[in-house]
Amino acid sequence: VSTQSTGSSGREEEEDEDKDDEGIGSEGEEETGRLAEIVKKRREDIRRKKEEEEKMKAQQEAERIKEQKFREQQQQIQNQRRKEEQLKIELETTVHSLRTEPLGMDRNYNRYWVFTGYPGFYIEQGWWTEADGEYFKNLSRDSNLDTSNG
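In the numbering used here, each residue's number is its place in the sequence shown (first place is 1) plus 73.
Next up, the structure:
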């Protein structure tokens, strides 16, 4: 009887040891699984951070390019305004400096001109011809008739 009882207790001890081994194994597997999840999470976090950094870099680059284009456009606008201003000044100078008719004439038929941008006045000599004389005689005769009739 005693051999059977020790035999049965031996079997029970072996079963208990198997159960303990299974428990240790399942606890180890659970811990390994948790560690694997932690590693996966960390890798995922690192991947997300890299993606966010890449997005931020791309946005910063896009903003930098946009600012550079804006500065270039502003520079072009300023250059265009300067050119327009210079053209306007040149046009005004040209318009004011060119006269189509002289200020007047003296008894020797010298014409007197004033040009803006130039000091003094210009005297034009030697331009008179017989044809001009006839024109001005007729012109003065017509203006005398207009004033006498009025």
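Backbone N, C-alpha and C define an ideal beta-carbon position, used for all residues, glycine too.
query: Quick check: what's the CA-CA separation for residue 143 versus residue 162?; result: 28 Å
query: Count the other CB atoms within 10 Å of the CB of residue 207; is the residue buried (16 or more) or exposed (fewer)?; result: exposed
query: Which residue's Cα is closest to the Cα of residue 188: 123, 200 and 175?; result: 175
query: Take residue 164 and list the residues in its own chain whose beta-carbon comes closer than 8 Å to its own, dropping the five residues that flank it on each side.; result: none
query: Helix, strand or coil: how does DSSP classify residue 184 here?; result: strand
query: Counting only the same chain and skipping the five closest in sequence on each side, list residues whose C-beta sits under 7 Å from that of residue 192.; result: none
query: So residue 191 is in the beta strand (DSSP E); what residue range does that whole segment cover?; result: That residue, residue 191, is in no beta strand (DSSP E); it is neither H nor E in DSSP.
query: Quick check on the DSSP output: the beta strand (DSSP E) that includes residue 197 runs from which residue to which?; result: 195 to 197
query: If the criterion is Cβ atoms closer than 8 Å, does the pair residue 180 and residue 200 meet it?; result: no
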